[in-house]
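Protein sequences, first through last, are from chains A and B.
Mapping of the first sequence onto the numbering used here: residues 1 to 114, in sequence order.
Mapping of the second sequence onto the numbering used here: residues 115 to 225, in sequence order.
Ideal placement from N, C-alpha and C gives every residue a C-beta, glycine not left out.
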Amino acid sequence: DTGVSQDPRHKITKRGQNVTFRCDPISEHNRLYWYRQTLGQGPEFLTYFQNEAQLEKSRLLSDRFSAERPKGSFSTLEIQRTEQGDSAMYLCASSPTGAVAEAFFGQGTRLTVV
Amino acid sequence: SQQGEEDPQALSIQEGENATMNCSYKTSINNLQWYRQNSGRGLVHLILIRSNEREKHSGRLRVTLDTSKKSSSLLITASRAADTASYFCATDEGSNYKLTFGKGTLLTVNP
Chain A
1 DTGVSQDPRH KITKRGQNVT FRCDPISEHN RLYWYRQTLG QGPEFLTYFQ NEAQLEKSRL
61 LSDRFSAERP KGSFSTLEIQ RTEQGDSAMY LCASSPTGAV AEAFFGQGTR LTVV
Chain B
115 SQQGEEDPQA LSIQEGENAT MNCSYKTSIN NLQWYRQNSG RGLVHLILIR SNEREKHSGR
175 LRVTLDTSKK SSSLLITASR AADTASYFCA TDEGSNYKLT FGKGTLLTVN P
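Structure (structure tokens):
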């Protein structure tokens, strides 16, 4: 296991379509995070999983967004009825259990809504 | 929302020079981390400094933390062209260990 893997790397979709992204964290990591990054900005937190439980969601995560982590392994982030404002880089990160831990990021999925 | 700001927003230096980036934040933290991001790629963790530490070194990196001023600095010594990237500070405020990032400093190292 060489790191956090995200798929696809790039996605172009028409406004109003649904999209789903996948994240495979480092296998022994219990914690999984989704972040969103727009051009010229730092990543912003979207949601957090501890194993299969979604423990925190940002107010940025509108009801068009849903995330899952079945069986505490991979995670998916779905955006329904995409809008142009959803265009961004979606980053997944994982970290091991512990009071102080660095986050390991995937390469991200760049979403463009046209 | 973003926790703080990096300063400067952009920095251009010659290879071999040192680069210093600063980060300010707003709330109490458990630790502060610095990440690097090459254009269009994911973030790579560089160094973590705990709230009870004042300085930390890792290779050519030196990080300082002043919790009374709510600020941190990242020094890269003897810079290389390969150091060209955006650098972000991120704070862990203790809620589920999620990170709050600044807007980053774009460092360009000219050969």
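In this structure, does DSSP put residue i in helix, strand or coil?
i                        : result
valine 100 of chain A    : coil
glutamine 54 of chain A  : strand
lysine 170 of chain B    : strand
aspartate 86 of chain A  : helix
alanine 192 of chain B   : coil
aspartate 197 of chain B : helix
By Cβ distance below 7 Å, which residues in the same chain neighbour residue i in space, the five residues on each side in sequence not counted?
i                        : result
glutamine 17 of chain A  : Thr82
alanine 88 of chain A    : Arg36, Gln37, Thr38, Leu111
glutamate 131 of chain B : Ser193
alanine 199 of chain B   : Arg150, Gln151, Asn152, Leu221
Quick one: which chain B residues come within Cβ less than 8 Å of residue i?
i                           : result
phenylalanine 45 of chain A : Lys212, Leu213, Thr214
Specify, as a first and last residue, the run of the beta strand (DSSP E) that residue i falls within.
i                         : result
isoleucine 12 of chain A  : 10-13
threonine 134 of chain B  : 133-138
aspartate 24 of chain A   : 19-24
asparagine 224 of chain B : 219-224
isoleucine 143 of chain B : First-last for isoleucine 143 of chain B: undefined, no H or E at that position.
threonine 76 of chain A   : 75-79
glutamine 107 of chain A  : Taken as a continuous stretch (DSSP letters only), glutamine 107 of chain A belongs to no beta strand (DSSP E), as it is neither H nor E.
arginine 164 of chain B   : 157-164
valine 4 of chain A       : It is not in any beta strand (DSSP E) - valine 4 of chain A carries neither H nor E in the DSSP assignment.
glutamate 119 of chain B  : 119-121
glutamine 41 of chain A   : Where glutamine 41 of chain A is concerned, there is no enclosing beta strand (DSSP E), given that its DSSP letter is neither H nor E.
Give me the chain A residues within the contact set of residue i, using Cβ-Cβ distance strictly less than 9 Å, ordered along the chain.
i                        : result
lysine 217 of chain B    : Gly40, Gln41, Gly42
leucine 162 of chain B   : Val100, Ala101, Glu102
histidine 159 of chain B : Glu102, Ala103, Phe104, Phe105
Run down chain B in chain order and give the residues with a C-beta less than 9 Å from the C-beta of residue i.
i                    : result
serine 95 of chain A : Tyr211
Run down chain B in chain order and give the residues with a C-beta less than 7 Å from the C-beta of residue i.
i                        : result
arginine 31 of chain A   : Tyr211
glutamine 107 of chain A : Arg155, Gly156
Could you name the residues of the same chain whose beta carbon sits closer than 6 Å to that of residue i, not counting the 5 residues immediately before and after it, in chain order?
i                        : result
glutamate 68 of chain A  : Thr76
isoleucine 12 of chain A : Thr112
Quick one: what's got a C-beta closer than 8 Å to residue i's C-beta in the same chain, skipping five residues either side?
i                         : result
isoleucine 127 of chain B : Ala133, Ser193, Leu221, Thr222, Val223, Asn224
leucine 213 of chain B    : Gln147, Ala204, Thr205, Asp206
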